[in-house]
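Enquirer: Residue 102 in my numbering sits at position 49 of the sequence shown; the count goes up by one each step and never skips.
Even glycine gets a Cβ: it sits at the ideal position worked out from N, Cα and C.
Remember, it's a predicted structure, so these values are computed and weren't measured experimentally.
Submitted below is the structure of interest, expressed as structure tokens.
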Amino acid sequence: MSRDYEMALIVDTQVDADATIDRYASLLADQGAAVVNVDRWGVRRLAYEIQKRQQGDYTFFYFQADPGAIADVERACRLDEDVLRHLILQTDIPPQAEEEEDAEEVSVEEDGDE
Numbered sequence: 054m055s056r057d058y059e060m061a062l063i064v065d066t067q068v069d070a071d072a073t074i075d076r077y078a079s080l081l082a083d084q085g086a087a088v089v090n091v092d093r094w095g096v097r098r099l100a101y102e103i104q105k106r107q108q109g110d111y112t113f114f115y116f117q118a119d120p121g122a123i124a125d126v127e128r129a130c131r132l133d134e135d136v137l138r139h140l141i142l143q144t145d146i147p148p149q150a151e152e153e154e155d156a157e158e159v160s161v162e163e164d165g166d167e
């Protein structure tokens, strides 16, 4: 049974972030995951230093996968020196559905102001 997941990666700015992100996209595909959306936030200041770094390249993956595939992705993130931090969460709503709900809320608010 496939579930919806969100994975946040903070990649070291001193390495090629595009190559690292492509590597994780292909890793997810190899694990049988269907990547729904990749949201690149770019380079941002970290809240605190991680491995003597003050900035990181933030990327969010939204994907559907079997629960068994998550352990392999988690292990790859832990062992990769290019990844400063990572977090994988199970989500209830796919990212497109959230965007549609936000659009509906805005249109309802605009109608109520008339």
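Could you tell me the boundaries of the beta strand (DSSP E) in which residue 96 lies?
Expert: As a working mapping, residue 96 is identified with position 43 in the sequence shown. Residue 96 -> beta strand (DSSP E) spans 87-103.
Enquirer: State the DSSP-derived secondary structure class of residue 68, mapped to helix, strand or coil.
Expert: The residue you call residue 68 lines up with position 15 of the sequence shown. Coil.
Enquirer: Among 54, 103, 57 and 82, which residue has its Cα nearest to the Cα of residue 139?
Expert: The sequence position of residue 139 within the sequence shown is 86, counting from 1. Ranking 54, 103, 57 and 82 by Cα distance to residue 139 puts 103 first.
Enquirer: By a C-beta neighbour count over all protein chains shown, 10 Å radius and 16 as the cutoff for buried, is residue 50 buried or exposed?
Expert: The shown model of the chain, from 54 to 167, leaves out residue 50, and the question about it has no answer.
Enquirer: Is DSSP giving residue 75 helix, strand or coil here?
Expert: Locating residue 75 in the sequence shown gives position 22, counting from the first residue. In this structure, residue 75 counts as helix in the three-state DSSP scheme.
Enquirer: Residue range of the beta strand (DSSP E) that residue 110 falls in?
Expert: As a working note, residue 110 is residue 57 in the sequence shown. Start and end: 106-118.
Enquirer: Taking only three categories from DSSP, how would you classify residue 57?
Expert: The residue given as residue 57 occupies position 4 in the sequence shown. DSSP places residue 57 in strand when its eight states are reduced to three.
Enquirer: Is the number of C-beta pairs between the stretch 91-100 and the stretch 122-129 that are closer than 8 Å three or more?
Expert: With the cut-off at 8 Å, the stretch 91-100 and the stretch 122-129 do not touch.
Enquirer: Considering only C-alpha positions, which residue in the set 70, 114, 77 and 67 is nearest to residue 128?
Expert: Locating residue 128 in the sequence shown gives position 75, counting from the first residue. With distances taken between Cα atoms, residue 128 lies closest to 77.
Enquirer: How many Å lie between residue 64 and residue 71 at the Cα?
Expert: Counting from 1 along the sequence shown, the entry for residue 64 is found at position 11. Counting from 1 along the sequence shown, the entry for residue 71 is found at position 18. Residue 64 and residue 71: Cα-Cα distance of roughly 10 Å.
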